[in-house]
Amino acid sequence: MNQTMTAPHRGKTETVEQSLQSATDGHSEQSLLFALPKGRLAQDSLSFLERAGLSIPTDTESRKLILPAADGSIGFVMAKPRDVPTYVEHGAADIGICGLDVVRETERAIYEPLLLPFGHCRLSVAGPAEDAGIPPAAGLDVADLAVRPTASAHLPGRPLRYMSQPRIATEYPRLTRQFFAERGVNAEIITLGGSVELGPILGLADLIVDVVQTGTTLRMNGLVEVRTILESQAVLVVNRASYQLKAAEINRIIERMRLLTT
Ligand code: PRP
300 MNQTMTAPHR GKTETVEQSL QSATDGHSEQ SLLFALPKGR LAQDSLSFLE
350 RAGLSIPTDT ESRKLILPAA DGSIGFVMAK PRDVPTYVEH GAADIGICGL
400 DVVRETERAI YEPLLLPFGH CRLSVAGPAE DAGIPPAAGL DVADLAVRPT
450 ASAHLPGRPL RYMSQPRIAT EYPRLTRQFF AERGVNAEII TLGGSVELGP
500 ILGLADLIVD VVQTGTTLRM NGLVEVRTIL ESQAVLVVNR ASYQLKAAEI
550 NRIIERMRLL TT
């Protein structure tokens, strides 16, 4: 590495080597690197690791990219949930925690040795309550919603293609496409990076496919769930090579976790 290169770092200049040293401070490259999801699974993941007897970082709010465990035994990366399977597939992290919904959507070549007892939610199809015109628990097949005429199809301004080619806003384009294709519905998938509930509200989409946990977000935005695509929960994921090369360390972690899941 060219040691004269410099990297910007919060208003001061330091060499790349210093920058890397500072980022990895307390974590040896040989020890295990664990990718954890930021956001809604973060706290539950850390609590679960602690209950499993693992040492966790003392300051997870730090801007440091790699956080050493309090006892220095493991390094942790707090990553965007969708990036966890990517880090683990490529071996940038040895092991990680993320939602099963993300694992199924991203289809990475990783091991999934253990489902974890938190992060329960579902990936569902939902639509505007007034359009659906059905009670949420009616068991309606969304394929019916997509192809059968309903009163909403004849409302002024409501495009008829809603019936034959529904527009679906989602952060899960692969699972959504697969779900509708398996039902013979030629859906138009509109991929968004978040707040997909806005899709039907702003007329961008007829339906959404999104994660539902408590159902509050749907209710607050006048949407009803019409079909569950996938039941999800947190899952432990492991890099395939690390599973061989660091077998003892990884298996010890898996066994400690397994004790909490049975
Ligand atoms: C997720 C999901 C819903 C919400 C559902 O969003 O996309 O918006 O949670 O949870 P609820 O059923 O408990 O209301 P998240 O907060 O993870 O952020 P996002 O919209 O950026 O995906």
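Quick note on numbering: the sequence shown equals residues 300 to 561 in this note's numbering.
Ideal Cβ placement from N, Cα and C applies to all residues, glycine included.
Just so it is clear, the structure is predicted and the values come from calculations on it, not from any experiment.
Per-residue DSSP class, three states only, for residue i
| i | result |
| --- | --- |
| T469 | strand |
| T570 | In the structure as shown, the chain starts at 300 and stops at 561, and residue 570 therefore has no counterpart that could be examined. |
| K311 | Because K311 sits at a pLDDT of 42, beneath the cut-off of 50, its placement in the model cannot be relied upon, and the following sentence gives the value as read from the coordinates. K311: strand per DSSP, three-state reduction. |
| T515 | helix |
| L415 | coil |
| S451 | A caution first: S451 carries a pLDDT of 46, below 50, which makes its placement in the model unreliable, though a value can still be read off. Helix, per DSSP. |
| S372 | coil |
| L364 | coil |
| A547 | helix |
| P380 | helix |
| T527 | strand |
| P336 | strand |
| L503 | coil |
| Q464 | coil |
| V387 | helix |
| G483 | coil |
| R407 | coil |
| E554 | helix |
Of the listed residues the options, nearest to residue i (C-alpha basis)
| i | options | result |
| --- | --- | --- |
| N550 | T560, V537, L559 | V537 |
| I409 | S541, R555, R557, I552 | S541 |
| D358 | E554, V508, M377, S372 | M377 |
| E404 | L414, H419, T385 | T385 |
| D400 | V383, V523, A368 | V383 |
| D370 | R362, I528, E360, G352 | G352 |
| I553 | L345, L414, E360, P356 | L414 |
| G390 | R482, L544, F478, R350 | L544 |
| C420 | V511, R350, L517 | V511 |
| S577 | M519, V402, P367 | Because the chain is modelled from 300 through 561, residue 577 falls outside the range shown and cannot be assessed. |
| V387 | R350, L335, P356 | L335 |
| G502 | R466, A546, G483 | R466 |
| L422 | R539, L535, L559, L517 | L517 |
| R407 | L366, L348, R539 | R539 |
Close beta carbons around residue i, own chain, < 6 Å, minus the five adjacent residues each side
| i | result |
| --- | --- |
| T490 | P472 |
| N485 | Q464 |
| L332 | G374, A392, D393 |
| G498 | A468, A504, I507 |
| L248 | Missing from the structure shown is residue 248; the chain here goes from 300 to 561 and no further. |
| F479 | A486 |
| L285 | Outside the displayed span of the chain (300 to 561) sits residue 285, for which this structure offers no information. |
| G438 | Confidence at G438 is low in this model, with a pLDDT of 44, below 50, so the placement of that residue is unreliable and no value is reported for it. |
Other residues of its chain near residue i: CB distance less than 8 Å, five sequence neighbours each side excluded
| i | result |
| --- | --- |
| T469 | T475, I488, I489, T490, L491, V495, I507, V508, D509 |
| L340 | P380, I396, C397, G398, F417, G418, A533 |
| G514 | E524 |
| P455 | Below a pLDDT of 50, predicted positions are generally treated as unreliable, and P455, at 40, falls in that range; the measurement from the model is reported next regardless. Cβ neighbours of P455 beyond the five flanking positions: none. |
| T560 | L413, L414, L415, P416 |
Close beta carbons around residue i, own chain, < 7 Å, minus the five adjacent residues each side
| i | result |
| --- | --- |
| S372 | S330, S354 |
| G493 | E470 |
| V424 | V441, L506, V508, V525, R526, I528 |
| G521 | P427, A428 |
| R557 | L413 |
| G338 | P380 |
| E548 | L331 |
Identity of the residues DSSP links to residue i by a beta bridge
| i | result |
| --- | --- |
| L559 | DSSP, once it has assigned bridges, lists no residue as partnering L559. |
| D509 | S423 |
| L535 | I396, L413 |
| L353 | Answer is none; L353 lacks a bridge partner. |
| L522 | P427 |
| D331 | The question names Asp, but residue 331 in the sequence shown is Leu. Note: L331 sits in a beta bridge opposite I373. |
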